[in-house]
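Chemist: As you go down the protein sequences, you meet chains A and B in turn.
Its first residue numbered 36, the first sequence is counted upward by one per residue in our numbering.
Its first residue numbered 36, the second sequence is counted upward by one per residue in our numbering.
Glycine residues also receive a C-beta, built at the ideal position from the N, C-alpha and C atoms.
Number of protein chains: 2
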Amino acid sequence: MTILTQPVLEINLKHLIDNFKTLKQIAHPAIAAAVLKDDAYGLGAKKIAQLLYDEVKCKHFFVAHGVEGAQIAPLVPDAEIYVLQGCGQDSLEYFTQHKNLIPVISCPQMLYFWKENRPDKRKAVIHIETGLNRLGFREDELQHLTKDDIKMFSMVMSHLACGDEKDHFMNAYQLSNFERLKKTYFPKMPASLSASDGVFLGSDFAQDMVRLGAAMYGINTAPYREKQMKNVVKVTAPVLQIENLAQGQFVGYSATYRANTNRKIAIVSIGYGDGLPRSLSNVGKLFFKTGGELNEARIIGRVSMDNVICDVTNVKNLKVGDTAYLTDDFYTLDDMGRDANTISYEIMSRLGKNQRFIRKYIY
Amino acid sequence: MTILTQPVLEINLKHLIDNFKTLKQIAHPAIAAAVLKDDAYGLGAKKIAQLLYDEVKCKHFFVAHGVEGAQIAPLVPDAEIYVLQGCGQDSLEYFTQHKNLIPVISCPQMLYFWKENRPDKRKAVIHIETGLNRLGFREDELQHLTKDDIKMFSMVMSHLACGDEKDHFMNAYQLSNFERLKKTYFPKMPASLSASDGVFLGSDFAQDMVRLGAAMYGINTAPYREKQMKNVVKVTAPVLQIENLAQGQFVGYSATYRANTNRKIAIVSIGYGDGLPRSLSNVGKLFFKTGGELNEARIIGRVSMDNVICDVTNVKNLKVGDTAYLTDDFYTLDDMGRDANTISYEIMSRLGKNQRFIRKYIY
Numbered sequence: 036m037t038i039l040t041q042p043v044l045e046i047n048l049k050h051l052i053d054n055f056k057t058l059k060q061i062a063h064p065a066i067a068a069a070v071l072k073d074d075a076y077g078l079g080a081k082k083i084a085q086l087l088y089d090e091v092k093c094k095h096f097f098v099a100h101g102v103e104g105a106q107i108a109p110l111v112p113d114a115e116i117y118v119l120q121g122c123g124q125d126s127l128e129y130f131t132q133h134k135n136l137i138p139v140i141s142c143p144q145m146l147y148f149w150k151e152n153r154p155d156k157r158k159a160v161i162h163i164e165t166g167l168n169r170l171g172f173r174e175d176e177l178q179h180l181t182k183d184d185i186k187m188f189s190m191v192m193s194h195l196a197c198g199d200e201k202d203h204f205m206n207a208y209q210l211s212n213f214e215r216l217k218k219t220y221f222p223k224m225p226a227s228l229s230a231s232d233g234v235f236l237g238s239d240f241a242q243d244m245v246r247l248g249a250a251m252y253g254i255n256t257a258p259y260r261e262k263q264m265k266n267v268v269k270v271t272a273p274v275l276q277i278e279n280l281a282q283g284q285f286v287g288y289s290a291t292y293r294a295n296t297n298r299k300i301a302i303v304s305i306g307y308g309d310g311l312p313r314s315l316s317n318v319g320k321l322f323f324k325t326g327g328e329l330n331e332a333r334i335i336g337r338v339s340m341d342n343v344i345c346d347v348t349n350v351k352n353l354k355v356g357d358t359a360y361l362t363d364d365f366y367t368l369d370d371m372g373r374d375a376n377t378i379s380y381e382i383m384s385r386l387g388k389n390q391r392f393i394r395k396y397i398y
Numbered sequence: 036m037t038i039l040t041q042p043v044l045e046i047n048l049k050h051l052i053d054n055f056k057t058l059k060q061i062a063h064p065a066i067a068a069a070v071l072k073d074d075a076y077g078l079g080a081k082k083i084a085q086l087l088y089d090e091v092k093c094k095h096f097f098v099a100h101g102v103e104g105a106q107i108a109p110l111v112p113d114a115e116i117y118v119l120q121g122c123g124q125d126s127l128e129y130f131t132q133h134k135n136l137i138p139v140i141s142c143p144q145m146l147y148f149w150k151e152n153r154p155d156k157r158k159a160v161i162h163i164e165t166g167l168n169r170l171g172f173r174e175d176e177l178q179h180l181t182k183d184d185i186k187m188f189s190m191v192m193s194h195l196a197c198g199d200e201k202d203h204f205m206n207a208y209q210l211s212n213f214e215r216l217k218k219t220y221f222p223k224m225p226a227s228l229s230a231s232d233g234v235f236l237g238s239d240f241a242q243d244m245v246r247l248g249a250a251m252y253g254i255n256t257a258p259y260r261e262k263q264m265k266n267v268v269k270v271t272a273p274v275l276q277i278e279n280l281a282q283g284q285f286v287g288y289s290a291t292y293r294a295n296t297n298r299k300i301a302i303v304s305i306g307y308g309d310g311l312p313r314s315l316s317n318v319g320k321l322f323f324k325t326g327g328e329l330n331e332a333r334i335i336g337r338v339s340m341d342n343v344i345c346d347v348t349n350v351k352n353l354k355v356g357d358t359a360y361l362t363d364d365f366y367t368l369d370d371m372g373r374d375a376n377t378i379s380y381e382i383m384s385r386l387g388k389n390q391r392f393i394r395k396y397i398y
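Next comes the structure, spelled out in structure tokens:
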């Protein structure tokens, strides 16, 4: 019998590269940029920046914050790193230190700040609003830009609200807004509209540059695209204990599960402290490979910080020390996101930041 | 006008120490141990271990994993560090390297492993099951322990399921189970039953050692105890942009919010990538201090990875660069947990692990 205590996070970098290549090919001839914000969705921005730079000669990266750009800048010396949250007093130092950081400017106030404080004459990207109603210049603000203002920019970008829903009216609406605003205010400027989801909406959406994030990491919230991307993240955790649960007994915090018949339970060494969503309490599932079969076990009771409990009454031959599969090719983070009433993006971002995992990168 | 881009996480260590002292006093004469698992709920285990060791002479710590114990062991040389998930093949090295790590053994299989593999004769803690039905020896397993087995332990512990609900039947039930099992199998052994919540249930629950975690970090999921603990965590983020939103316009991913009247919105530089729960989409709130008042603004649309959007129609004098208050004394993580359909523990654990914050420790 093997006794194990730690969860394991496996990140398949080979699949990540394959996904990048697939997406780049679909978006051809647009430039394929890689989105490494939020520490590459928690999977390790430094490692992935280096890999994409070396293996597929990626020279365009997007991050959210200046501090994130500064982390990868020395690793990708002749690449351009676009900073989506732009530049302010608290992040100016990163732009001063790293000449390959390019702020994405989304409002007149930030443009004014950049004009007054930029360390050199490097050009910025302008973010324009087309329907998401998040960051970006509104048209009344574009009308006030001078010719000199416009010369400060090397690219115009926007972002889709509903790219994962192929036939959503918002896609055509945003594309048409983008084309009109581009033509009116930035007639000859390179343009970027689409992140991963937009790549699948047709060549009109690819423009001059696509920003590959979620799909590169194996995320796919659009069921119609099933199996186009390879799964990147697998999580396992060991079974710490297997016990009988007598009829009438309660399980977990606040006693939210009660056994109505005699059951068998397994306590698995992973919890919300490791990034497993607490919203999987009493609704999620995990898996065991025993007796040559893939067995499904329902999560019962509340997910706690370090442990999760599941009903293994019908899982034969399970032993302490065996492996529980939390997410894998057969139950992706997209599936878990659905069960947890959220999206895979959020779960990936949480899982990847935990230091308690034994972390394995597969090449 | 100030332009800022990064969220700020403020951790008040003075309040943390005050909370520790308050809890220790209530539990007196029980030993007050500090729970630093999950990187001290994300707030920084090394820093907090050192602080508690230096300032309040804390000599007993709990972590979940061996790897967590190893991180703090060199900082607290003559303290005992109890490892709740116990010891297995993947964590044995930490116990070999650090003689002050003490495994908590929760099942016969792990006891057997420890007997065969322990690096020296140090004693362990035995975890017994009293009603939570999570980790711990069941009574039929206790019956098989030999006298020599029992001599391997220095303390017996269990854990409450409903400690935050003062009058829950489970508390008395677990205490009575604990007393009976202790008397039967470990008559003279020091005992620990309660974590933070149990400290408030009376001296019977304090036993010989209490394990102070959540309440020390300012968490309080029990409304009847309001204001006993000081708030430890504050989160702010800057306003990146303020815009008018015309009637009929949609906001955010999947267009889940639509303006039915003309509104004013602010885009704030924090998202689920920073640990703000995505489940606050369209239901959460955040705050602004403008015009000498504390103004509340509802989150509208989906929380995205780097940004959250809120309705500031009724917030007067708000400017780009102003500070949004995500959690503070007037809206604690417990409040946010309620709005996000989870608990403060989960949110704290997520917030604390993010590298994008400007992190400020207050002494």
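Taking 8 Å as the cut-off, does the region 196-210 of chain B touch the region 232-243 of chain B (at least 3 CB pairs, one atom from each stretch)?
Modeler: Cβ pair count under 8 Å is three or more, so yes.
Chemist: Measure the C-alpha to C-alpha separation of B/D183 and B/A75 and round it to an integer number of angstroms.
Modeler: Each residue's alpha carbon lies about 35 Å from the other.
Chemist: Do we get a CB-CB distance below 8 Å when we pair A/T40 with the residues of chain B?
Modeler: By this cut-off, A/T40 is an interface position.
Chemist: Return helix, strand or coil for A/Y252, following the three-state DSSP convention.
Modeler: In the structure shown, A/Y252 sits in a helix (DSSP, three-state: H, G or I).
Chemist: Using a C-beta to C-beta distance shorter than 8 Å, which residues of chain A count as neighbours of B/V355?
Modeler: Per Cβ cutoff of 8 Å: C142, Q144, M145.
Chemist: Could you check where the beta strand (DSSP E) with B/L44 kicks off and where it finishes?
Modeler: Its beta strand (DSSP E) spans residues 43-47.
Chemist: Check whether the region 118-137 of chain B touches the region 172-179 of chain B, counting contact only when three or more Cβ pairs, one atom from each stretch, lie closer than 8 Å.
Modeler: In short, these stretches do not touch, since the Cβ pair count stays below three.
Chemist: Starting from B/F204 and walking both ways along the alpha helix (DSSP H), at which residues does that stretch end?
Modeler: Per DSSP, B/F204 belongs to the alpha helix (DSSP H) from 204-220.
Chemist: Can you tell which of B/M224, B/F188, B/S189, B/Y147 has the C-alpha that lies nearest to the C-alpha of A/L39?
Modeler: With distances taken between Cα atoms, A/L39 lies closest to B/Y147.
Chemist: Nearest to B/F188 by alpha carbon, out of B/D202, B/M244, B/N255, B/F221?
Modeler: Looking at the Cα atoms, B/F221 is the closest of the given residues.
Chemist: How would you write the range of the alpha helix (DSSP H) that A/M371 sits in, first residue to last?
Modeler: A/M371 -> alpha helix (DSSP H) spans 368-374.
Chemist: Reducing DSSP to helix, strand and coil, say where B/S189 ends up.
Modeler: Three-state DSSP puts B/S189 in a strand.
Chemist: Starting from B/P143, trace the alpha helix (DSSP H) both ways and give me its first and last residue.
Modeler: Residues 143-152.
Chemist: At a Cβ threshold of 8 Å, is B/F148 touching chain A?
Modeler: At least one chain A Cβ lies under 8 Å of B/F148.
Chemist: Give me whichever residues DSSP pairs with A/V160 in a beta bridge.
Modeler: According to DSSP, which records beta bridges pairwise, A/V160 is partnered with A/V139, A/M190.
Chemist: Can you tell me which of B/N330, B/C93, B/Q120 puts its alpha carbon nearest to the alpha carbon of B/I66?
Modeler: Closest by alpha carbon: B/C93.
Chemist: Taking just the CA atoms, how far does A/N297 sit from B/S304?
Modeler: In a straight line, the C-alpha of B/S304 is about 50 Å away from that of A/N297.
Chemist: If distances are taken between C-alpha atoms only, which option among A/M371, A/L311, A/V355, A/G327 comes closest to A/E278?
Modeler: Looking at the Cα atoms, A/V355 is the closest of the given residues.
Chemist: Using a Cβ-Cβ cutoff of less than 8 Å, which residues in the same chain neighbour A/R391 once the five nearest sequence positions on both sides are dropped?
Modeler: Once the five neighbours on either side are set aside, the close Cβ partners of A/R391 are Q41, P42, G308, D309.
Chemist: Using a beta-carbon distance cut-off of less than 9 Å, what residues from the region 79-104 of chain B approach chain A?
Modeler: So the close ones are A99, H100, G101, V102, E103.
Chemist: Within the 8 Å Cβ cut-off, does A/G121 reach chain B?
Modeler: For A/G121, the answer is yes, since a Cβ of chain B falls inside 8 Å of its Cβ.
Chemist: Count the other CB atoms, across all protein chains shown, that sit within 10 Å of the CB of A/Q209; report buried if there are 16 or more and exposed otherwise.
Modeler: A/Q209 is buried by the Cβ-count criterion.
Chemist: DSSP has A/A67 in a bridge; who is on the other side?
Modeler: In DSSP, A/A67 forms a bridge with A/V245.
Chemist: So B/A84 is in the alpha helix (DSSP H); what residue range does that whole segment cover?
Modeler: Where B/A84 is concerned, the enclosing alpha helix (DSSP H) stretches over 80-90.
Chemist: By the three-class DSSP mapping on this structure, what secondary structure does A/Y288 have?
Modeler: Helix, per DSSP.
Chemist: Please report how far the alpha carbon of A/E328 lies from the alpha carbon of A/V274, in whole angstroms.
Modeler: Straight-line Cα distance between these residues: approximately 17 Å.
Chemist: Would you give the residue range spanned by the alpha helix (DSSP H) that B/L329 belongs to?
Modeler: B/L329 -> not in any alpha helix (DSSP H); beta strand (DSSP E) instead, spanning 328-334.
Chemist: Which value, in whole angstroms, describes the spacing of the CA atoms of B/G121 and A/L87?
Modeler: Approximately 39 Å, taken between the alpha carbons.
Chemist: For chain B, is any of its Cβ atoms less than 8 Å away from the one on A/F235?
Modeler: No, no contact with chain B.
Chemist: Using 8 Å as the threshold, is the C-beta distance between A/M264 and A/F55 below it?
Modeler: No. Outside cutoff.
Chemist: Drop a sphere of 10 angstroms on the beta-carbon of B/E164, count the other beta-carbons inside from all chains shown, and report buried for 16 or more, exposed for fewer.
Modeler: Looking at its Cβ environment, which holds 16 or more other Cβ atoms inside 10 Å, B/E164 is buried.
Chemist: For the region 369-388 of chain A against the region 94-112 of chain B, do three or more pairs of beta-carbon atoms, one drawn from each stretch, fall closer than 8 Å, so that the two count as touching?
Modeler: Too few Cβ pairs lie closer than 8 Å, so no.
Chemist: Give the interface partners of A/Q178 over in chain B, defined as CB-CB distance under 8 Å, in chain order.
Modeler: Going along chain B, no residue has its Cβ under 8 Å from A/Q178, so there is no contact; the nearest lies around 14 Å.
Chemist: Say whether chain B places a C-beta atom closer than 8 Å to the C-beta of A/G166.
Modeler: Yes, A/G166 lies at the interface with chain B (some Cβ there is under 8 Å from its Cβ).
Chemist: Please return the same chain residues whose Cβ sits closer than 7 Å to the Cβ of A/K186, not counting the five positions on each side in sequence.
Modeler: Within the same chain, A/K186 has no close Cβ partners at all.
Chemist: Are any of the Cβ atoms in chain A nearer than 8 Å to that of B/A196?
Modeler: Interface residue, yes.
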